[in-house]
Every structure is written in structure tokens, then in C-alpha cells.
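To keep things clear, I will list the structure first and then write my remarks on it.
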Amino acid sequence: MTVRTRQTIRYLTASDGVRLAWADAGAGQPLVKASNWLTHLAFDLDSPVWRHWIDLLAGHFRFIRYDERGCGMSDWNAGDLSIGRWVDDLEQVVEAARPSAPVTLLGISQGAGACIGYAVRHPERVARMILYGAYARGIWRRGDVDREREYRAIVELSRLWGRDNPAFRQVFTSRFIPDGTDEQMRWFNELCAKTTSPASAARLLAARAEMDVSDLLGRVRAPTLVLHGREDNIVPVAEGRLLASAIPDAEFVELDSRNHVLLEHEPAWKRFGEAVLEFTGVRSGPAQGEAFVSLSPREREVLALLSDGLSNAAIAEGLGISEKTVRNHLSHLFDKLGVWSRAQAIVFARERGFVRGPREPGGDE
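The working numbering puts the sequence shown at residues 1 to 365.
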């Protein structure tokens with residue numbers, strides 16, 4: 001049974017007045033993903049391109065993400081698109097989320113710039129950093145004249161997204177996910193049209209090309225994992241190697257992929273997940289140590305009986321409490337686990353190897 005990840009979407013207003021949409025899902029140690037190209041907090045839950053990312057990360061962490069200014073559910077009137085503003089936006093999302101511990105940062109593609117800037121600005125707030133398909137220098141800062149000329153043409157092409165002919169958007173799709181299935185290709189084409197305007201797309205692309213945080217790399221103190229596809233069509237693997245060599249003690253994992261966004265069906269995705277869980281110390285999953293730690297002894301008993309398939313009436317009889325109290329316990333544990341139905345709670349518990357633990361005499365009502 002596939003369970004749709006539950007999330008809560010909220011808004012904050014950045015210091016320059018731009019509204020940013022951010023989402024909170026899952027439980028465990030906080031992992032914050034900096035914004036990256038073409039996301040939509042609501043659409044991505046059902047996306048064949050992004051859904052497996054959300055399921056993996058929300059399944060093992062308290063996963064916090066946001067749509068960048070100019071994109072998705074955030075204001076499309078983006079205002080300032082400098083790297084300084086991107087760091088400020090990440091900072092405000094972290095503050096709004098109020099994490100209970102230093103965060104793990106995830107930077108995909110240009111999202112690495114915001115993560116690096118934040119990690120240098122607030123080293124005490126960052127537990128570790130994960131960078132995938134990332135770069136410190138935008139394409140206009142690498143001294144490659146041919147690729148710079150090609151990218152300028154792509155920026156101009158993005159201004160044609162508003163036309164009915166999807167051929168213009170297909171250019172971007174085929175570069176980002178060259179090994180995508182027909183369904184994934186169609187979805188990414190539609191995402192281009194739904195998540196931002198042609199004018200904003202051109203501005204966002206140009207801002208990425210101008211980004212340069214290479215002078216900050218040596219100042220990063222957080223443990224860092226850099227992962228990169230060997231044949232990434234968007235960001236050359238050399239840029240990932242540069243990050244890994246310049247950030248003190250960074251680890252580097254090269255993945256056998258040419259997709260800029262890793263797809264669920266490719267072996268590189270499994271390797272990515274294994275590396276991330278090992279690096280963060282949650283390889284065995286968040287079961288006892290993370291996802292269920294907030295449950296009271298009685299809530300754990302209710303969840304155990306629920307997982308055994310008992311009805312509310314049977315749970316009430318077995319524990320010697322009223323059905324109303326059972327419903328209250330279920331409501332509380334649903335909130336704590338980030339699920340909203342009995343079926344989801346059962347799947348959540350079984351997939352994470354939930355163990356009831358010792359029963360406390362008398363329990364709590």
C-alpha cells in the first residue's frame with residue numbers, strides 16, 4: 001500500500017515583502033531542503049519526479065522544504081534574486097520552522113549556494129550538510145565561453161514557455177531527466193508551465209548563472225556529503241568534485257546517473273538513499289529512536305493494538321478505557337506521526353518496525 005505523505009503548508013513574509021510557501025512533513029531530526037529549480041509544494045506530492053524524494057526524506061526526518069521566490073506556491077513576483085537574498089530566505093524558513101536541534105541542510109543544484117551561505121553564517125545551527133548535483137559557481141562564472149553562450153540561448157528559450165507548443169519546454173525536460181519515462185517527461189513538461197511564468201523563469205535561470213559562493217567553501221565547518229551524477233547533463237561532475245575538494249573534510253560519492261534529478265527506477269537513487277541515511281546516522285530508520293519517541297506509553301499501546309487490526313471498541317475493551325479516550329489518543333498520535341488515517345498509521349508503524357515496548361502498569365489515560 002502506498003501512503004501519500006502528509007504535510008502542512010504555511011506562509012511567511014520575507015523581509016522584502018515576498019511571500020514564501022513552506023511545507024513541514026514527517027518526524028525526527030530536522031532536515032531542511034533549500035529551494036531549487038521548479039518545485040510546487042502541493043503538486044510534488046503526486047509527482048513521479050519528486051514524490052520518491054519526499055517519501056524518503058519525510059519517512060526518516062522532519063522534512064522542511066519551500067518553493068523559491070518566483071516559483072510554485074511562493075510569490076511569482078520574485079523581487080531580489082541574489083545569493084544573499086536566497087540565504088536570507090533559507091534563514092527565515094528555518095526560523096519559522098523552529099527546529100528543536102541543529103538542522104541537516106540539503107542543497108540540490110543551485111540550492112547549495114543558500115546552504116553554504118547559511119552554514120557559514122550560522123555554524124552553530126547546522127548539524128551537517130548534504131549537497132547533490134550541486135555547484136558553487138554558476139555557469140557564467142566558470143570561464144567556459146561555449147557553455148556560457150549555450151546557456152544564454154536557453155535563458156531566451158525559457159521566455160517561450162507560455163506558448164501552447166510544449167516543444168519549448170521539452171528542451172528543458174530532456175536535459176534534466178534524459179532517462180525519464182514517458183510519464184515523468186510529461187509531468188516535468190507540465191511542471192514547467194505550472195510553476196512559474198516565462199518572465200520569472202528567465203530571471204531565475206540568469207540568477208543561477210551569476211551565483212558564486214566559491215570564496216565561502218573553505219569556511220564551512222559542518223560535516224558535508226557531496227553526491228553527484230557522473231554524467232549529469234545540467235551540472236558537470238567536475239563542479240561536484242570542486243565542492244568536495246574545497247569544503248574541509250567533505251565526503252564525495254559519485255553516482256552512476258546522467259539525470260540531474262535522480263529518478264526512482266534508477267540504481268543511483270537507491271545508492272543516494274543509502275549514503276544519505278548512513279551519513280545522517282539514521283540508516284536503520286527513525287523507528288524507535290526518532291519517529292515514535294514523542295508517543296506516551298498509552299499512545300504506544302494504542303498504536304500497537306491498532307497495528308494488530310483491532311477496532312476502537314476492541315482497543316477500548318483491551319485497555320479498560322472508553323472509546324472516546326481511544327479516539328483522543330489516536331488523534332494525538334496521528335498528529336505526532338504526521339499521518340491522518342488509521343490505515344496510514346498502520347503502514348507507518350509496520351514499515352518502521354514499531355515495537356510497543358514495556359507496558360507500564362496503569363498506563364496513562
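Note that beta-carbon positions come from the ideal geometry of N, C-alpha and C, so glycine has one too. Keep in mind the model is a prediction, meaning the values are calculated, not measured.
Using the three-state DSSP reduction, which class does Ala-222 fall into: helix, strand or coil?
In the sequence shown, the residue the question calls residue 222 occupies position 222. It is coil, neither helix nor strand.
For Phe-252, which residues does DSSP report across the bridge?
In the sequence shown, counting from the first residue as 1, residue 252 sits at position 252. Phe-252 pairs with Val-226.
Looking at the structure shown, is Phe-176 part of a helix, part of a strand, or coil, going by DSSP?
Sequence index remark: in the sequence shown, residue 176 carries index 176 (1-based). Judged by DSSP in its simplified three-state form, Phe-176 adopts helix.
Short of 7 angstroms in beta carbon distance, which residues of its chain neighbour Gly-138, apart from the five on each side in sequence? Order them along the chain.
Working through the sequence shown from its first residue, we reach residue 138 at position 138. So the list reads Arg-208, Ala-209, Glu-210, Met-211 and Asp-212, once near-sequence residues are dropped.
Taking only three categories from DSSP, how would you classify Met-211?
Sequence index remark: in the sequence shown, residue 211 carries index 211 (1-based). The answer is coil: DSSP assigns Met-211 none of H, G, I, E or B.
Where does Ala-349 land, buried or exposed, given buried means 16+ other C-beta within 10 angstroms?
For the purposes of this step, residue 349 is identified with residue 349 of the sequence shown, where counting begins at 1. Classification for Ala-349: buried.
List, from N- to C-terminal side, the alpha helix (DSSP H) runs of 4 residues or more that fit wholly inside the stretch 57-103.
83-97
Starting from the C-beta of Tyr-132, find all residues in its chain whose C-beta is less than 6 angstroms away, skip the five residues before and the five after it, and write them out in chain order.
Translated into the one-based positions of the sequence shown, residue 132 becomes position 132. So the qualifying residues of the chain are Ile-108 and Leu-227.
Closest to Arg-65 by CA distance: which of Ala-78, Trp-187 and Cys-115 is it?
Counting from one through the sequence shown, the residue named residue 65 turns up at place 65. The shortest C-alpha separation from Arg-65 is found at Cys-115.
What are the start and end residues of the beta strand (DSSP E) that includes Ala-21?
As a working note, residue 21 is residue 21 in the sequence shown. Element bounds for Ala-21: 19-26.
Straight-line gap, His-265 to Arg-147 (C-alpha atoms, nearest Å)
By 1-based counting over the sequence shown, the position of residue 265 is 265. By 1-based counting over the sequence shown, the position of residue 147 is 147. Rounded to whole angstroms, the separation of the alpha carbons of Arg-147 and His-265 is 30 angstroms.
Beta bridge counterpart(s) of Val-32 as assigned by DSSP:
On the sequence shown, position 32 is the one that residue 32 refers to. For Val-32, which the question treats as bridged, DSSP gives the partners Ile-64 and Leu-105.
Pro-361 versus Ser-322 - alpha carbon distance:
In the sequence shown, counting from the first residue as 1, residue 361 sits at position 361. In the sequence shown, counting from the first residue as 1, residue 322 sits at position 322. Summary for Pro-361: the model assigns pLDDT 45, below 50, so the residue's position carries little reliability; its value from the coordinates is reported in the next sentence. About 18 angstroms.
Going by the CB atoms, is the gap between Leu-31 and Arg-69 shorter than 9 angstroms?
The count along the sequence shown starts at 1 and reaches residue 69 at position 69. The count along the sequence shown starts at 1 and reaches residue 31 at position 31. No; because the gap between Cβ atoms is not below 9 angstroms, this pair is not in contact.
Cutoff 8 angstroms; reference Ala-21; Cβ partners in own chain excluding five residues on either side
Position 21 of the sequence shown, counted from the first residue, corresponds to residue 21. Excluding residues up to 5 positions away in sequence, Ile-9, Arg-10, Tyr-11, Leu-41, Tyr-66, Asp-67, Gly-72, Met-73 and Ser-74 lie with their Cβ nearer than 8 angstroms to the Cβ of Ala-21 in the same chain.
For Trp-76 and Ser-100, the rounded distance between their alpha carbons
Position 100 of the sequence shown, counted from the first residue, corresponds to residue 100. Position 76 of the sequence shown, counted from the first residue, corresponds to residue 76. For Ser-100 and Trp-76, the distance between alpha carbons rounds to 31 angstroms.
Where Val-145 falls, given that 16 or more other Cβ within 10 Å makes a residue buried
Translated into the one-based positions of the sequence shown, residue 145 becomes position 145. Sixteen is the threshold: since fewer than 16 other Cβ atoms of the shown chains lie within 10 Å of the Cβ of Val-145, the residue is exposed.
Locate the alpha helix (DSSP H) running through Ala-14, then write down its first and last residues.
What you label residue 14 is simply residue 14 of the sequence shown in a count that begins at 1. Run containing Ala-14: none; DSSP gives neither H nor E here.
For Thr-8, the three-state DSSP class (helix, strand or coil):
For this step, residue 8 is matched to residue 8 along the sequence shown. Strand.
Own chain partners of Leu-45 with C-beta closer than 8 angstroms, once the 5 adjacent residues on each side are dropped:
Along the sequence shown, one-based indexing puts residue 45 at 45. Arg-4, Thr-5, Gln-7, Arg-51 and Ile-54, listed in sequence order.
Using 10 angstroms around the beta-carbon of Glu-301, count the other beta-carbons present and answer buried if the total reaches 16, otherwise exposed.
Residue 301 sits at position 301 when you count from the first residue of the sequence shown. Buried, since its Cβ has 16 or more Cβ neighbours within 10 Å.
Leaving out the 5 sequence neighbours to the left and right, which residues in its chain are closer than 7 angstroms to Gly-289 when beta-carbon positions are compared?
For the purposes of this step, residue 289 is taken as residue 289 along the sequence shown, with counting starting at 1. Low confidence applies to Gly-289: its pLDDT is 45, below 50, so where it sits in the model is not reliable enough to give any reading.
From Ser-331 to Ser-35, what distance separates their C-alpha atoms?
For the purposes of this step, residue 331 is taken as the residue at position 331 of the sequence shown. For the purposes of this step, residue 35 is taken as the residue at position 35 of the sequence shown. The straight-line gap from Cα to Cα measures roughly 32 angstroms.
Is the beta carbon of Arg-85 closer than 9 angstroms to that of Leu-105?
By one-based count along the sequence shown, residue 105 stands at place 105. By one-based count along the sequence shown, residue 85 stands at place 85. No.
Verify whether the separation of the beta carbon atoms of Ala-222 and Ala-119 is less than 9 angstroms.
For the purposes of this step, residue 222 is identified with residue 222 of the sequence shown, where counting begins at 1. For the purposes of this step, residue 119 is identified with residue 119 of the sequence shown, where counting begins at 1. Cβ atoms of Ala-222 and Ala-119: closer than 9 angstroms.
Between the alpha carbons of Leu-263 and Ser-311, how many angstroms are there, rounded?
Within the sequence shown, the letter at position 263 stands for residue 263. Within the sequence shown, the letter at position 311 stands for residue 311. Whole-angstrom Cα-Cα distance: 39 angstroms.
Counting only runs of 4+ residues fully inside the stretch 304-333, write out the alpha helix (DSSP H) ranges in chain order.
312-319
Helix, strand or coil for Gln-126? Go by DSSP, reduced to three states.
Residue mapping note: residue 126 aligns to position 126 of the sequence shown, counting from 1. The question names Gln, but residue 126 in the sequence shown is Val. Strand.
Trp-269 burial status per 10 Å Cβ neighbour count (16 or more: buried):
Along the sequence shown, one-based indexing puts residue 269 at 269. With 16 or more other Cβ atoms within 10 Å, it is buried.
Distance between beta carbons of Phe-188 and His-260, contact taken as under 8 angstroms:
If you number the sequence shown from 1, residue 260 lands on position 260. If you number the sequence shown from 1, residue 188 lands on position 188. The pair is not a contact, with the Cβ atoms about 11 angstroms apart (cut-off 8 angstroms).
How about Pro-48 and Glu-183: are their beta carbons less than 9 angstroms apart?
For the purposes of this step, residue 48 is identified with residue 48 of the sequence shown, where counting begins at 1. For the purposes of this step, residue 183 is identified with residue 183 of the sequence shown, where counting begins at 1. Yes, these two residues count as a Cβ contact at 9 angstroms.
First through last residue of the alpha helix (DSSP H) which encompasses Gln-110
By 1-based counting over the sequence shown, the position of residue 110 is 110. Careful: Gln-110 lies outside any alpha helix (DSSP H) and carries neither H nor E.
Taking all protein chains shown into account, do 16 or more other C-beta atoms lie within 10 angstroms of the C-beta of Ser-341, making it buried, or fewer, making it exposed?
Position 341 of the sequence shown, counted from the start, is the residue given in the question as residue 341. By the 10 Å Cβ count, Ser-341 comes out exposed.
Indicate the three-state DSSP secondary structure (helix, strand or coil) for Tyr-118 in the structure shown.
Along the sequence shown, one-based indexing puts residue 118 at 118. Helix at Tyr-118.
Go through its chain and collect everything with a Cβ distance to Phe-334's Cβ below 7 angstroms, but skip five positions before and after it.
For the purposes of this step, residue 334 is taken as residue 334 along the sequence shown, with counting starting at 1. For Phe-334, same chain residues with a beta-carbon under 7 angstroms away, outside a window of 5 residues either side, are Trp-340 and Ala-345 in chain order.
Reduced DSSP secondary structure (H/G/I, E/B, other) of Arg-241:
In the sequence shown, the residue the question calls residue 241 occupies position 241. Arg-241 falls in the helix class under three-state DSSP.
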